[in-house]
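Visitor: Below is the structure I would like to discuss, written out as structure tokens.
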Amino acid sequence: QKEVEQDPGPLSVPEGAIVSLNCTYSNSAFQYFMWYRQYSRKGPELLMYTYSSGNKEDGRFTAQVDKSSKYISLFIRDSQPSDSATYLCAMNTGGGADGLTFGKGTHLIIQP
Amino acid sequence: DAGVTQSPTHLIKTRGQQVTLRCSPISGHKSVSWYQQVLGQGPQFIFQYYEKEERGRGNFPDRFSARQFPNYSSELNVNALLLGDSALYLCASSLLTSSGANVLTFGAGSRLTVL
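Protein sequence lines correspond, in order, to chains G and S.
Residues 370 to 481, numbered by my numbering, are exactly what the first sequence covers, in order.
Residues 2 to 116, numbered by my numbering, are exactly what the second sequence covers, in order.
Right under this line is the structure:
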């Protein structure tokens, strides 16, 4: 079992729809949870960062963490064609030089 | 402000050769990390450096090495290249080095093809 599981998709939705992206993980020591967006041939770009359980909202984006279920989500409201990209979840324990553990990424397509 | 810059952007090598990739962090960031992203996969942690010292290492063979310079720039070296080393190599810089999220800002990457 991989430490972080993420459905690679592709996930195709019409413009304006609410998008739900998810990851599950197995390491209960993870405390910090991030979502990155990666466009083709570019480096990942940080969207959201959450500590421990709870919700965080930033514009059209909402991140949720449920540590009891080891499940994290990213919701995108009023999705736009420019949101079409690969979305990567990432997490770490916060232990100093602890590298990030990434999911495989979900390829999202927003149809105009 | 310049972001994380990496060079070269693309390169092609043959099996058995050696490669050096370079990274300049965001001004003020003292920590640099390296990740390998194989096509269709998420990035995998290779190294983290802070103040010229290795602070973390992922599960990669000794063929992979890195160093950080006094100006906080960094180099990643890979020796005895294998076909499986073909990937996008990402450099990231950050402010946090002690306990914390270690939120990373990534560069655009160096795409290595091994033939």
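Ideal Cβ positions, reconstructed from N, Cα and C, are used throughout, including at glycine.
Note that the structure is predicted; figures quoted are calculated from it, not measured.
For Gly110 of chain S, return the contacting residues in chain G, with the cut-off set at a CB-CB distance below 7 Å.
Guide: Those are Gly412, listed as they occur along chain G.
Visitor: Buried or exposed: which applies to Ser94 of chain S, given that a residue is buried once 16 or more other Cβ atoms fall within 10 Å of its Cβ?
Guide: buried
Visitor: Could you tell me whether the Cβ of Ala88 of chain S comes closer than 9 Å to any Cβ of chain G?
Guide: no
Visitor: Rounded to whole angstroms, what is the Cα-Cα separation between Phe48 of chain S and Ala88 of chain S?
Guide: Looking at the backbone, the Cα of Phe48 of chain S and that of Ala88 of chain S are separated by about 16 Å.
Visitor: Report the three-state DSSP secondary structure of Pro450 of chain G (helix, strand or coil).
Guide: Three-state result, Pro450 of chain G: helix.
Visitor: Counting only Cβ pairs nearer than 9 Å, list the residues of chain S close to Phe399 of chain G.
Guide: Under the 9 Å cutoff, chain S gives no residues; its nearest Cβ is about 11 Å from Phe399 of chain G.
Visitor: For Leu116 of chain S, which residues in the same chain have their Cβ closer than 6 Å to its Cβ, ignoring the five residues on either side in sequence?
Guide: Thr15
Visitor: Using a cut-off of 9 Å between C-beta atoms, extract the partners of Leu91 of chain S located in chain G.
Guide: Gly412 and Pro413
Visitor: Leaving out the 5 sequence neighbours to the left and right, which residues in its chain are closer than 6 Å to Pro44 of chain S when beta-carbon positions are compared?
Guide: Result list for Pro44 of chain S: Tyr36, Gln38 and Leu91, in chain order.
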